[in-house]
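Single-structure report; data block below.
Protein chains: 2
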Amino acid sequence: MTSFTNSEAYQVIWHIRRLFRLLAARSDEHISDLGVTSADRAVLEFLYPEHAFTVPELAVRYRVTRQHVQVTVNRLLKRGLVEQRPNPRHLRSKLIRLTSRGRKLFETILGRDQEAVTALFGGLPAGCVETTHNTLRTLLERLEGDPQ
Amino acid sequence: MTSFTNSEAYQVIWHIRRLFRLLAARSDEHISDLGVTSADRAVLEFLYPEHAFTVPELAVRYRVTRQHVQVTVNRLLKRGLVEQRPNPRHLRSKLIRLTSRGRKLFETILGRDQEAVTALFGGLPAGCVETTHNTLRTLLERLEGDPQ
DNA sequence: GAATAATGACAATCTAATTGTCATATTAGG
DNA sequence: CCTAATATGACAATTAGATTGTCATTATTC
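So the protein lines, in turn, are chains X and L.
The first sequence begins at 534 in the numbering used here and counts up one residue at a time.
The second sequence begins at 534 in the numbering used here and counts up one residue at a time.
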């Protein structure tokens with residue numbers, strides 16, 4: 534017998550939706566001057582700091598179509614923020630990873646975010662943040678593990 | 534001295550982003566057969582169960598442009614899911630509220646969501662959900678209260 | 001070695017949302 | 001009470017992120 538109400542759980546969902554919109558708006562302000570779109574940013578985030586994935590792999594992780602990721606990755610390649618590396622498991626589909634420029638740029642993004650995050654979370658009891666983190670991670674794992 | 538790490542706080546943000554995308558996809562599957570878009574849904578959610586707002590008021594709440602809400606509300610009006618009521622504070626700008634059909638429809642949506650939510654949250658300790666709820670609400674209030 | 005599947009590229013389309021504009025109605029100030 | 005400033009609704013064009021569909025080519029598997 535869990536004793537949280539359905540409405541409480543539902544509100545968590547609702548808050549996630551609202552927070553996303555507000556955070557996205559805030560975050561875009563932070564990084565718009567860097568010429569990085571939120572799609573770019575998502576890919577950079579998956580690759581940071583030293584991960585290497587193929588385009589189709591990124592698409593699976595990001596849960597979008599490979600075509601969409603392809604366009605984003607091509608844009609990042611052109612800007613020299615990511616690079617292709619030989620893929621031992623697949624001759625044609627190269628591994629994508631950050632260049633040092635890309636890593637540096639994403640660290641700039643991270644730094645700005647962290648500032649904002651620090652301000653946003655300031656004064657919250659540590660336990661709350663930890664519990665929230667763990668709860669959200671659990672939800673995420675459940676949703677990701679069961680991709681309908 | 535708060536003792537959560539910045540990275541922990543940052544992960545909360547990151548999780549919110551990922552959860553939003555997964556939840557949105559999941560939620561859209563639930564309601565797509567009802568002919569309700571996510572914009573429709575957001576408006577219905579604001580009006581449920583008995584709230585009445587003008588279009589500009591809804592736009593402020595939803596943090597989108599009034600033009601966008603206008604289009605959505607017009608669509609809902611045409612479908613008979615919301616209705617206009619005289620506004621004591623403004624002659625021209627009517628109050629929008631749910632019709633009984635709209636309320637019923639949104640309850641269907643709610644019901645489906647609740648099922649999914651129950652499945653998703655099943656087995657989580659009640660305290661975690663409550664703490665998460667409160668933490669997210671606080672973040673939301675901070676972001677909403679300080680609209681840049 | 002042939003059949004099947006995966007990849008990259010490209011085009012068209014979609015949806016949620018934005019910005020800009022206009023006429024008109026409404027409100028608030030003098 | 002009248003005028004100036006503002007708010008509203010309607011409409012058009014555009015944007016961004018993403019989808020679906022298609023095609024040629026390359027890999028993988030049987």
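Using N, Cα and C, we set each Cβ at its ideal position, and we do this for glycine too.
Since this is a predicted model, take the numbers as computed values, not measurements.
None of the residues of the region 601-634 of chain L has a beta carbon lying less than 9 Å from any beta carbon of chain X. Looking at the backbone, the Cα of L:I642 and that of X:Q647 are separated by about 36 Å.
When the five nearest sequence neighbours on each side are left out, the beta carbons in the same chain lying within less than 7 Å of the beta carbon of L:Q603 are those of V588, in order along the chain. For X:V650, a Cβ of chain L is located within less than 8 Å of the residue's own Cβ. Against chain L, a Cβ distance below 9 Å from X:A542 picks out Q647, V650, T651, L653, F654, L657, V662, H666.
Note on X:E640: under 16 other CB atoms within 10 angstroms of its CB, so exposed under the neighbour-count rule.
In this model, L:N607 and X:S540 are separated by some 29 Å (Cα to Cα). Using a Cβ distance threshold of 8 Å, X:T665 and L:V545 count as a contacting pair. With fewer than 16 other beta carbons inside 10 angstroms of its own, L:V593 counts as exposed. Identification of residues in the region 542-568 of chain L having a C-beta nearer than 9 Å to some C-beta of chain X yields A542, Y543, Q544, V545, I546, W547, H548, I549, R550, R551, L552, F553, R554, L555, L556, A557, A558, R559, S560, E562, given in sequence order. Here DSSP, grouped into helix, strand and coil, assigns X:R596 to coil.
The closest CA to that of L:R618, considering only L:E583, L:K637, L:A652, L:R599, is found on L:E583. Of the residues L:A585, L:T651, L:A652, the one whose Cα lies closest to the Cα of L:P621 is L:A585. Sequence-distant partners of L:L567 (beyond 5 residues in either direction) whose C-beta falls short of 8 Å from its own C-beta, in its chain, are L638, T641, I642. DSSP lists X:R618 as the bridge partner or partners of X:L628. With a beta-carbon spacing of about 18 Å, L:F553 and X:I564 fall beyond the 8 Å limit used to define contacts. By DSSP's assignment, X:F586 forms a beta bridge with X:I629. Neighbours of L:E590 across chain X, judged by C-beta separation under 8 Å, do not exist; the nearest C-beta is about 16 Å away.
Taken through DSSP and simplified to helix, strand or coil, L:R675 comes out as helix. Listed along chain X, the residues sitting closer than 9 Å to L:E677 by beta-carbon distance are R551, L555. Among the residues of chain L, none has a CB under 8 Å from the CB of X:L638; the nearest is roughly 17 Å distant. In the DSSP assignment, L:L580 falls within the alpha helix (DSSP H) that extends over 571-580. Proximity of X:R599 to chain L, defined by a Cβ-Cβ separation below 8 Å, is not satisfied. Contact between L:L653 and X:L672 is confirmed by a C-beta separation of about 6 Å, below the 8 Å threshold. The contact set of L:L672 on chain X, defined by CB atoms closer than 7 Å, consists of L552, L653 in chain order.
Taking the Cα positions, L:L614 is about 20 Å away from L:E562. Note that the C-beta distance between L:E677 and X:L555 is below 8 Å. For the pair L:R596 and X:R625, the Cα-to-Cα distance works out to about 45 Å.
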